[in-house]
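So for the sequence shown, this note's numbering puts the first residue at 240; every next one is plus one. Note that CB positions come from ideal geometry on N, CA and C, so glycine has one too. Only a predicted model underlies this, so the values are computations on that prediction, with no experimental measurement involved.
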Amino acid sequence: MKLGRTLIDTDALAEGVGRLAREIDAHQGGRPALLVGILKGSIFFLCDLAKRLESPVMLDFLQVSSYGSGTRSSGNVRLLRDLSTDVAGQEVIIVEDIVDTGKTLGKIIEILGTRKPRSVRICALLKKRIPGNEGIPVDYLGFTIDDHFVVGYGLDHAESYRNLPYIAILEPEVEGEESAEARPAAEASAGAAKR
Ligand code: IMP
Ligand code: MG
């Protein structure tokens with residue numbers, strides 16, 4: 240896989256996050272919320288969002304696994320790390336990087352739902368336009384995207400690319416086309432100098 244074109248640049252991300260913060264503030268009306276970030280993909284989004292919110296918020300984190308190193312959800316969602324806060328009576332906002340099949344969110348809602356929160360809302364930066372996930376209730380949505388595998392701004396492929404400050408498409412390597420990393424160093428830097 241190799242890095243393809245930028246889908247959402249840094250400015251557009253900041254603008255989208257600002258809009259989400261205003262929507263959440265309008266809905267909270269000054270009432271406190273517990274932001275539950277889903278590790279690790281939501282970290283950059285959660286930090287930027289929290290800084291734009293005027294509502295009082297507390298932060299907590301959940302980690303689940305569903306992907307391994309592939310590019311499609313296995314549907315086999317496991318809880319890897321639990322919250323350290325009691326959610327009973329709280330207005331919980333789940334902060335997720337991307338909704339693909341919706342299986343991860345389904346599992347998280349199921350876990351939190353048993354703990355008597357006052358309410359559970361979902362804030363997702365991205366949602367893929369794929370058949371079957373239309374019914375996943377996202378209360379605050381940043382961007383709808385086509386069915387690409389994307390990386391950056393927290394999103395990874397096998398743990399790489401999370402720290403890109405924008406969101407880009409990850410593309411399959413074309414047959415016969417070698418990646419820069421696969422070429423000998425001298426040849427790769429000569430190639431770079433020509434560009
Ligand atoms: P779902 O359970 O199919 O909705 O998948 C959701 C989770 O899979 C997200 O929390 C991401 O961690 C991961 N994921 C889904 N699509 C992508 C993608 O395009 N790039 C990187 N991670 C993704
Ligand atoms: Mg995730």
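Q) Under three-state DSSP, which class holds His387? A) Taking the first residue of the sequence shown as position 1, residue 387 is located at position 148. Correct three-state label for His387: coil.
Q | Beta-carbon proximity check, Ile333 vs Ile347, cutoff 9 angstroms | A | Within the sequence shown, residue 333 is the residue found at index 94, counting from 1. Within the sequence shown, residue 347 is the residue found at index 108, counting from 1. It is a contact, given that the beta carbons lie within the stated cut-off.
Q | Selected residue, minimal CA-CA separation from Lys342, among Lys355, Asn372, Gly280, Val326 | A | Translated into positions along the sequence shown, residue 342 becomes position 103. That would be Asn372, whose Cα lies nearest to the Cα of Lys342.
Q) What span of residues does the alpha helix (DSSP H) with Leu259 cover, start to end? A) Counted from its first residue, the sequence shown places residue 259 at position 20. Taken as a continuous stretch (DSSP letters only), the alpha helix (DSSP H) holding Leu259 covers 249-267.
Q: Could you spell out where the alpha helix (DSSP H) holding Ile347 opens and where it closes?
A: Within the sequence shown, numbered from 1, the residue matching residue 347 stands at position 108. Its alpha helix (DSSP H) spans residues 342-352.
(Q) Tell me the rounded alpha-carbon separation between Asp395 and Leu409. (A) For this step, residue 395 is matched to residue 156 along the sequence shown. For this step, residue 409 is matched to residue 170 along the sequence shown. Rounded to whole angstroms, Asp395 to Leu409 spans 10 angstroms at the Cα level.
Q) Counting pairs of beta carbons, one from the stretch 244-258 and one from the stretch 346-361, are three or more of them closer than 8 angstroms? A) no
Q.
Three or more C-beta pairs under 8 angstroms: does that hold for the stretch 261-277 against the stretch 288-303?
A. yes
Q) Got a sec, what are the start and stop residues for the alpha helix (DSSP H) Leu285 sits in? A) Residue 285 sits at position 46 when you count from the first residue of the sequence shown. That run of the alpha helix (DSSP H) goes 282-291.
Q: Could you name the residues of the same chain whose beta carbon sits closer than 7 angstroms to that of Leu403, not counting the 5 residues immediately before and after it, in chain order?
A: Looking up residue 403 in the sequence shown gives position 164. Val390, Gly391, Tyr392, listed in sequence order.
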